[in-house]
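Protein chains in written order, with the working numbering: chain A, 1 to 336; chain E, 1001 to 1068; chain H, 2001 to 2398. Working notes for the structure below.
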Amino acid sequence: MSILINEKTRILVQGITGREAATFTKDMMDYGSKVVAGVTPGKQGQKVHGIPVFDTVKEAVEKQKANAAVVSVPPAFAKDAVMEAADGGLSPIACLTERIPKRDVIEMVAYADLKGVKIIGPNSPGVISPAKKAKLGFLGGNNPERAFRPGHIGVVSRSGGMCTEVANLISNAGMGISTAIGMGGDSVVGSTYLDYFPLFEQDPETHAVVLFCEPGGTKEDVLAEWIPGHFTKPVVAFFGGKFVDNMPGMRFGHASVIVRPGSGATKDKTRLFQQAGVRVVEVYSDIPKALREMLQERVKKSGKAISAARKKSRPAKPQAKKIKKTGKAKKAGKKR
Amino acid sequence: MGLFVTVKLNPEECQDGCKSCLDVCPVGIFRIEGGKVKVVADNEDECTFCELCLERCGQKLVEIIKNY
Amino acid sequence: MRLYEYEGKILAQKVGIPVPAGKMVDSPEKAREVAGEIKGEVVVKAQILLGGRGKAGGVRFASDPGEAEKVTREMLATRVRDRKVEKVLVEKKLEIVEEMYLGITIDEINKRMILLAGKTGGVEVEAIAQKPGAGFARALVDPFIGVPGFRAKELAKHLGATDKGLGALGNIVSRLYALVQKFDASVAEINPLVKTKDGSYLAADCRVEIDDDAIFRQKELESLGIFPREERGREPTELERKGAEIDRVDHRGVAGRVVEFDGDTALIIGGGGASLTVFDAILKYGGKPANYCEIGGNPTVRKLQLLTELILSKPGVKRLAVVTNVLSNTRVDLVARGVIKGMLNRGLDPRNFPVVFRVPGAWEDEGFRILDKYGIKYFDRTHTMDEAAQYICQMGRS
């Protein structure tokens, strides 16, 4: 199983005729994801890599039965594009566009709430579920199987690049990914850790979750408060940008990475995570080791055969089929 | 000639001067000088090997050479 | 983009929030003039983009125009909180009976704007507001409804308004939200919001931050004399200024947002999260970065070349490290081209000058061929950025 997307995900690409979209649409198709329609106003009737282009989401949904969207349009048009996707009932909507005005983001997120659909991003690389060959966005570029092997580790990252880097590390260590999500590097994103964690908790194929976190904001603080009593699986977290703690007011990397007086420092977030039972590693190379240790501890505690399941996940390719068989009649793909 | 990429073309042989290469190049490698298409030496190393110029040039006058 | 107090007050006035009579000036003579127009006691406030001015001597009173001139002269000659003071705001001194706090900011957890109203105004409100029982009321704003009149009234009531004050203060609440909407502010704070002896409410200070990503559509700001500028926690250095220019050469990709440090290791690192990670790792293994500089979004070869030249031009730089996460869209070969060209232009032979790459991902086979040709040491994706960082810290020391 996986969260958010699966083999039944039928993808609509908004802005499909753009330069970036033309590239990642092809990559998604090569990977095996079902791209069924594109939308670019005024270009109905065209085809991109054989995918029909429509003027409106409404028509694309009627004709092609799309049920999820990738939005890659210029910032000034992103709000309307996301709202159009939400209006069409598409979920999730992965919004890749960077630098959307925050007022627009707040409005489109409120609209998605109203329509009961989930937004990933903005400023997100998207989401990928390797066992399902399902990918929204550009994670892993044209050879995602190198960094994202199928397996049982969920990944949530505030950085797109580090989402791939961390997955690559986990895959190199002989483990694999259930679903990896680039949460988006902005301060306001449609979905935060709190939107993803309940899904990971319910997903039997996810045995542990890895987080790539950054300084700034309060998203980690709120997660740390929520975890006890709600989340039972091991969580390993790494903070990039510890040096930013000593440089309040300076912005590094993403828009949301700025430490303000009294909030956002990694040392405070680390303490809160540790109190919540999250293992925080000092260097990201230690993530696989920490995962192994925590999974083993869990086996000892619960007596469940998780280590066996983990072993099974090692030879990535033959395993993919098996997972597919057992993956029917699951609700997580649709559930919001 | 760039350090990494050399883009060659022969403007004398360019019969129609269609400027297709100029239109499609995303990194500005071609320009018009005295009514003829020339290579902008400063931009050769920006070449991404998209090969759109090769595809569009009906007369196959463009050549891209890697210097590594 | 954080605005100066006087700029914030221009916006406040635009939406009808009362502010004290006053004017921004940049010379002692003009301060005298303005103080003469205001009549009576005035306050001279240093215009810097930092809070806590009061304690740092950035807010001083003057009883007549002559004194206002003198105070301004002194203030313009000093630094407040280590910032050069280039402008001051000369305002009528208020007869304050109460100080409150009113602010709107983004609640990233609820993904809404949030109103915050506190019975205590003044400095360090950030710290106080966190504590329960501090007298702060909060209200999330539905973007499709805005701030209804009743909500504004409730908050005014919370702040202790009665009679006509309820309407006056409620108006300020509504109008502050109007300011946020009209000007794409991500933060708008009146701190303190004051009640004067005659019962009126005014914004004694005003802090506004405009959303950088919305500046493209805020044309009205320029007509009000407010121009886009780069935001930092301190004044940019010469190297940083030049870096910003390189980034502006071309809109394609990011390369040139440089933050200077005083070490000997030049860094080109990316993307956003990876650059943070690499910088930490280099510090951890004892390296001394000469700069922080993130690249991403597939920058052009020229930008990378200019950037390489710039960061290698810093005196005392002894080595260069180019480290990124596994790349999805930035191309390894283009990064290699730009960096090598930059080194050669500085007269540095990549075979002799200590340089290392850990840049795997898109077009890596081409990239590695280029690096091989120039004899540059590199790590592939089977080696982590941490390993590369460790290597860098040893490199060229032997």
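C-beta atoms are modelled at their ideal positions from N, C-alpha and C, and glycine is treated no differently.
N-terminal and C-terminal residue of the beta strand (DSSP E) that I2104 of chain H is part of: I2096 to D2107
Determine, using beta carbons only, whether M2100 of chain H and V2141 of chain H come nearer to each other than 8 angstroms. no
List, from N- to C-terminal side, the alpha helix (DSSP H) runs of 4 residues or more that fit wholly inside the region 2154-2241 of chain H. 2163-2183 and 2219-2223
Contacting residues, own chain, Cβ-Cβ under 7 angstroms from L2089 of chain H (five flanking each side not counted): E2005, Y2006, G2022, M2024, K2045 and Q2047
Between P1026 of chain E and the rest of its own chain, which residues show a CB-CB distance below 8 angstroms, the 5 nearest in sequence each way excluded? T1048, C1050 and L1052
Measuring straight from C-alpha to C-alpha, what distance separates Y111 of chain A and F273 of chain A? 32 angstroms
Mind checking who G2146 of chain H pairs with in its DSSP beta bridge? H:D2142
By DSSP, does G1002 of chain E sit in helix, in strand, or in coil? coil
DSSP three-state assignment for M2343 of chain H, whether helix, strand or coil: helix
Selection from A:A78, A:A94, A:L90 and A:K118 that minimises the alpha carbon distance to I100 of chain A: A:A78
With DSSP collapsed to three states, give me the class of P150 of chain A. strand
Could you tell me the distance, in whole angstroms, from the CA atom of R336 of chain A to the CA atom of V2249 of chain H? The predicted position of R336 of chain A is uncertain, since its pLDDT is 36 and thus under 50; a value taken from the coordinates is nonetheless stated next. Rounded to the nearest angstrom, the two C-alpha atoms are 44 angstroms apart.
For K115 of chain A, I'd like the list of residues in its chain whose CB is within less than 6 angstroms of its CB, leaving aside the five on either flank, ordered along the chain. A86
Can you tell me the Cα-Cα spacing of P315 of chain A and G174 of chain A, whole angstroms? Confidence in P315 of chain A is poor, its pLDDT being 46 and thus under 50, which makes the residue's placement unreliable; the coordinate value appears in the next sentence. Taking the straight line from one Cα to the other gives about 8 angstroms.
When you compare only the Cα positions, how much space is there between I2246 of chain H and K301 of chain A? 56 angstroms
Give me the chain H residues within the contact set of V222 of chain A, using Cβ-Cβ distance strictly less than 8 angstroms, ordered along the chain. I2109
Tell whether a beta-carbon distance below 8 angstroms holds between K2182 of chain H and G2256 of chain H. no
C213 of chain A versus I287 of chain A - alpha carbon distance: 13 angstroms
E2387 of chain H to V2071 of chain H span [Cα, whole Å]: 57 angstroms
Closer than 8 angstroms, CB to CB, is V2301 of chain H near chain E or not? yes
Answer yes or no: does any C-beta atom of chain E fall closer than 8 angstroms to that of R2248 of chain H? no
First and last residue of the uninterrupted alpha helix (DSSP H) at T2277 of chain H: G2272 to K2284
For I2114 of chain H, name the three-state secondary structure that DSSP assigns. strand
Taking one C-beta from the region 128-146 of chain A and one from the region 180-192 of chain A each time, how about it: are there three or more such pairs within less than 8 angstroms? yes
What number of angstroms, rounded off, separates the C-alpha of H2383 of chain H from the C-alpha of I1032 of chain E? 47 angstroms
Let's see if you can read the secondary structure: which residues bound the alpha helix (DSSP H) around C163 of chain A? G160 to N172
What would DSSP say about P2018 of chain H, mapped onto helix, strand or coil? coil
By alpha-carbon positions, which one of H:V2034, H:C2206, H:E2029 and H:G2122 ends up nearest to A2012 of chain H? H:C2206
Cα separation between R271 of chain A and T2078 of chain H? 40 angstroms
DSSP state of E214 of chain A mapped onto helix, strand, coil: coil
For a contact meaning CB atoms closer than 9 angstroms, what does E2294 of chain H contact in chain A? F252 and G253
In this structure, does DSSP put G2066 of chain H in helix, strand or coil? helix
So, do the region 2343-2353 of chain H and the region 2370-2381 of chain H have three or more beta carbon pairs nearer to each other than 8 angstroms? yes
Do S191 of chain A and K267 of chain A have their C-beta atoms within less than 8 angstroms of each other? no
Which residues in chain A sit within 8 angstroms of D2184 of chain H, going by Cβ to Cβ distance? P101, K102 and R103
Check the Cβ-Cβ distances between R2346 of chain H and every residue of chain E, and say whether any is below 8 angstroms. no
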